[in-house]
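Asker:
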Amino acid sequence: MSSARGDNARSSASAESIHLDVPSESVERTRRLGALLGGLLARGDVVLLHGELGAGKTAFTQGVGRGLGVTATVNSPTFTILKEYAGRLPLYHFDLYRIEDPGELETLGFADYFAGDGVSVIEWAECGEVDGEEAPWGPDALRVRFERGADTGRLLHFSAIGSGGRRLLGGLADAVAREVG
Amino acid sequence: MRILGIESSCDETGAAIVADGRVILSDVVASQASIHERYGGVVPEVASRQQLSAVIPVVETALEQAGLGWGDLDGVAATYGPGLAGSLLVGLTVGKTLALARGLPFIGINHLEAHIYANWLRPVGAGVSGPEEAATGAAGWPGDPAFPLLALVISGAHSELVHIPRHGRYELLGQTRDDAAGEAFDKVARVLALGYPGGPAIQRAAATRDPARKNPLHLPRAWLPGTYDFSFSGLKTAVSQIVEGAEGVERAGDGGEIAPGTSRYEREGAAAARAGGVTAADLAAAFQDSVVDVLATKTVRAAKELGVRQVVLAGGVAANTALRARLDADLDPLGVALRYPPIAYCTDNAAMIAAAAYFHLRLGERHGYDLDVRPGLQLPFASRATAT
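Protein sequence lines correspond, in order, to chains A and B. Residue 259 in the numbering used here sits at position 65 of the first sequence; the count goes up by one each step and never skips. Residue 193 in the numbering used here sits at position 93 of the second sequence; the count goes up by one each step and never skips.
#1: I need the straight-line Cα distance from His-244 (chain A) to Leu-221 (chain B), nearest angstrom please.
#2: Looking at Val-315 (chain A): is its Cβ nearer than 9 Å to the Cβ of Val-241 (chain A)?
#3: Taking only beta-carbon positions, decide if Ile-355 (chain A) is within less than 9 Å of chain B.
#4: Under 7 Å Cβ-Cβ, which residues of chain B neighbour Leu-276 (chain A)?
#5: Please list, in chain order, the chain A residues whose beta carbon lies closer than 8 Å to that of Glu-283 (chain B).
#6: Should Arg-321 (chain B) be flagged as near chain A, meaning a C-beta pair shorter than 9 Å?
#7: Hey, would you say Leu-273 (chain B) sits closer than 9 Å to Val-262 (chain B), going by beta carbons?
#8: I'd like to know if Gly-334 (chain B) contacts chain A, where contact means its C-beta is closer than 9 Å to some C-beta of that chain.
#9: Answer yes if the stretch 146-163 of chain B comes into contact with the stretch 399-416 of chain B, meaning at least three C-beta pairs across the two stretches below 8 Å, and no otherwise.
#10: Quick one: measure Cβ to Cβ for Leu-290 (chain A) and Trp-318 (chain A), integer angstroms, because I've assumed they're closer than 8 Å.
#11: Can you name the residues of chain E whose CB is closer than 9 Å to the CB of Gly-183 (chain B)?
#12: Check each residue of the stretch 185-207 of chain B: if its Cβ is closer than 8 Å to any Cβ of chain A, include it; give the result in chain order.
#13: Can you tell me which of A:Ser-270, A:Ala-266, A:Asp-215, A:Gly-356 puts its alpha carbon nearest to the alpha carbon of Gly-256 (chain B)?
#14: Quick check: what's the CA-CA separation for Arg-269 (chain B) versus Thr-255 (chain A)?
#15: Please name the residues in the stretch 237-253 of chain A whose beta-carbon is closer than 7 Å to at least one beta-carbon of chain B, in chain order.
#16: At the 9 Å Cβ level, is Gln-275 (chain B) part of the contact set with chain A, yes or no?
#17: Expressed to the nearest angstrom, what Euclidean distance is found between the alpha-carbon atoms of Val-411 (chain B) and Ile-207 (chain B)?
#18: Round the Cβ separation of Cys-110 (chain B) and Asp-472 (chain B) to the nearest angstrom and send it over; I've been treating them as touching at under 8 Å.
#19: Suppose you measure from the CA of Leu-362 (chain A) to the CA of Ala-236 (chain A); what does that come to, to the nearest Å?
#20: Between which two residues does the alpha helix (DSSP H) carrying Leu-112 (chain B) extend?
#21: Between Thr-113 (chain B) and the rest of its own chain, which residues show a CB-CB distance below 6 Å, the 5 nearest in sequence each way excluded?
#22: How far does the alpha helix (DSSP H) with Glu-320 (chain A) in it reach, from first residue to last?
#23: Does the stretch 182-190 of chain B touch the stretch 263-280 of chain A, meaning 3 or more C-beta pairs lie closer than 8 Å?
#24: Just grab the DSSP bridge partners of Gly-175 (chain B) for me.
#25: Of all the options B:Arg-351, B:Ala-352, B:Thr-379, which has the alpha carbon lying nearest to the alpha carbon of Val-339 (chain B)?
#26: Would you grab the beta carbon distance between Met-101 (chain B) and Arg-462 (chain B) for me? Rounded to a whole angstrom, and I think it's under 8 Å.
#27: Indicate whether at least one CB of chain A lies closer than 9 Å to the CB of Gly-348 (chain B).
#28: Skipping 5 residues on each side, what residues in its chain have a beta carbon closer than 6 Å to that of Leu-252 (chain B)?
#29: Applying the 10 Å Cβ sphere with the 16-neighbour rule, what's the burial state of Pro-433 (chain B)?
#30: If we ignore side chains and look at the alpha-carbon of each, how far apart do Ala-307 (chain B) and Ala-381 (chain B) end up?
#31: So, Leu-350 (chain A) versus Val-216 (chain A), is the Cβ gap smaller than 9 Å?
#32: Pull up the DSSP beta-bridge partners for Pro-475 (chain B), would you.
#33: Keeping to the same chain, check which residues put their C-beta closer than 6 Å to that of Gly-358 (chain A); ignore five residues upstream and five downstream.
#34: Cα separation between Leu-317 (chain B) and Glu-320 (chain A)?
#35: Alpha carbon to alpha carbon, what distance is there between Leu-231 (chain A) and Val-370 (chain A)?
#36: Going along the stretch 254-266 of chain B in order, which residues come within less than 9 Å of chain A, judged by CB to CB distance?
This is the structure:
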């Protein structure tokens, strides 16, 4: 993979961890980063989002939708757990905030989506994960942590899980670098 | 036409029998709010398990309370979306099975449409003797809502402004771009530790303020100019940051040096806390003011632009008295009447399912027994551009 250059983003690689940190000074920038990722996604891809209430997870997903060519309004799936949108590929937008036990994902029939024809973006992904067990969405994913940055800004911390995650992270690093110029 | 309606889209399991889409003959709800209160929201797995055991007794009770047998019914209806997949499946499966077993017409109902049709409901004993009077009006009841209508559907899952020129036609004017209005109430109530459900909790907390004391907080409004869309996510973030700022002051103690908050709202929270305290009631009131201001301003603007005769509220947030008062005051000078269902029929209920079903079944519409749940179902929105 190639690294993003410039002071706007940095990436590093080692055998165990490959990650990319990108600051976002606004909700619109967070959306733009989501759109860059949305342009790279292929069927079966999984993106995990972690961050507090109001950190920008839904805004990022709106951007992913934009990058996938979704024209419908992408809004919060908190109540229904899952909202589905039609785009270049189907977008499955999950919010696991209300999931108590990761086993529920199987019971509720959501497991079928992860291996389906679309891409899954999963807010509050930690609610679906158990230490030491394979995640319900399989061994590959791109993880995004939303951290508080300066003022109202955020720091988006991207990390790869498995080869699928590395492919997305590499592509995203290139896309961010091209944009920064 | 007597219709049995079954509703199980989220955390309630309900069955009701309604005559001609208007007169409630029975209405039974097995509420799980107390279970979900423990978790600060709906727990899907708990919801569908509880619904499975509740649904048959609830249907039987609805028949009993109406004093009717199966032979007295003319149709069965159940919600098929939107909602939680597992929850929807319970009500829909039972509804289809009962219709099949009893040889009754069946129709699946869109939960959103049903919320709107809650405005046609008139409980027995409320000055209306039967369906005829319920439709045309009687003492204390103005009759059916009058088209063209504007509907503001606001609940935990929805914030939609819809133009309805006639039965069955829905033109989406605007919707939330992030959180639903009721969801914002729930999340902010959680941040303020006011309990669940958030709507009534925030309204109660806001009402404890001394109205003579100026609220030290003013929260932002997301106007999204040129659209009828809503956004409540930034408001939720602002509340969290004010709480963080105020808590920072509390931790620092009296007279202690306080590290200034990093965001505008943290600084505002810290400043308000230093200037004599910022209470959960202040925050609840400031939050409610912001939500009501945006919802009411956009609704009134749409009512004017479209020249509707009436505005109907639907969904749980329609129970908010501050919103009702503001809309009443702003719509009255325009000669536009504000309608809303009795509070019990604002939140999820089965009577509204039976009401909406009547307006479909009377036209001969039916669904087959292969109808599946549609968790992401929307209203059959027509584009305004092609509306004629």
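Every residue gets a Cβ at the ideal spot worked out from N, C-alpha and C, and that includes glycine. All values derive from a computational prediction rather than experimental measurement.
Answerer: From the atom records:
#1: 44 Å
#2: yes
#3: no
#4: Pro-475
#5: Ser-270, Thr-272, Phe-273
#6: no
#7: A contact, by the Cβ cut-off of 9 Å.
#8: yes
#9: no
#10: 4 Å
#11: In the displayed structure, chain E is absent; the protein chains listed are A and B.
#12: Within the stretch 185-207 of chain B, the residues whose Cβ lies closer than 8 Å to any Cβ of chain A are, in chain order, Ala-185, Gly-186.
#13: A:Ser-270
#14: One C-alpha to the other measures close to 31 Å.
#15: Leu-247, Gly-248, Thr-252
#16: yes
#17: When rounded, the distance between both Cα atoms is 27 Å.
#18: Contact flag wrong, Cβ pair sits at about 18 Å.
#19: 9 Å
#20: It should be pointed out that residue 112 (chain B) corresponds to Glu in this sequence rather than to Leu. Unbroken run through Glu-112 (chain B) is the beta strand (DSSP E), 112-119; no alpha helix (DSSP H).
#21: Ala-130, Gln-151, Ala-154, Val-155, Val-158
#22: Looking at the DSSP string, Glu-320 (chain A) is not in any alpha helix (DSSP H), and its letter there is neither H nor E.
#23: Verdict: yes, contact present.
#24: Looking at the DSSP assignment, Gly-175 (chain B) forms a beta bridge with B:Ile-103.
#25: B:Thr-379
#26: 6 Å
#27: With 9 Å as the cut-off, Gly-348 (chain B) does not count as an interface residue toward chain A.
#28: Leu-261, Thr-399, Leu-413
#29: exposed
#30: Separation of Ala-307 (chain B) and Ala-381 (chain B) (C-alpha to C-alpha, rounded to the nearest whole angstrom) is 8 Å.
#31: yes
#32: DSSP output for Pro-475 (chain B) lists no bridge partner at all.
#33: Asp-334
#34: Pairing Leu-317 (chain B) with Glu-320 (chain A), the inter-Cα distance amounts to about 34 Å.
#35: 9 Å
#36: Ser-255, Gly-256, Ala-257, His-258, Ser-259
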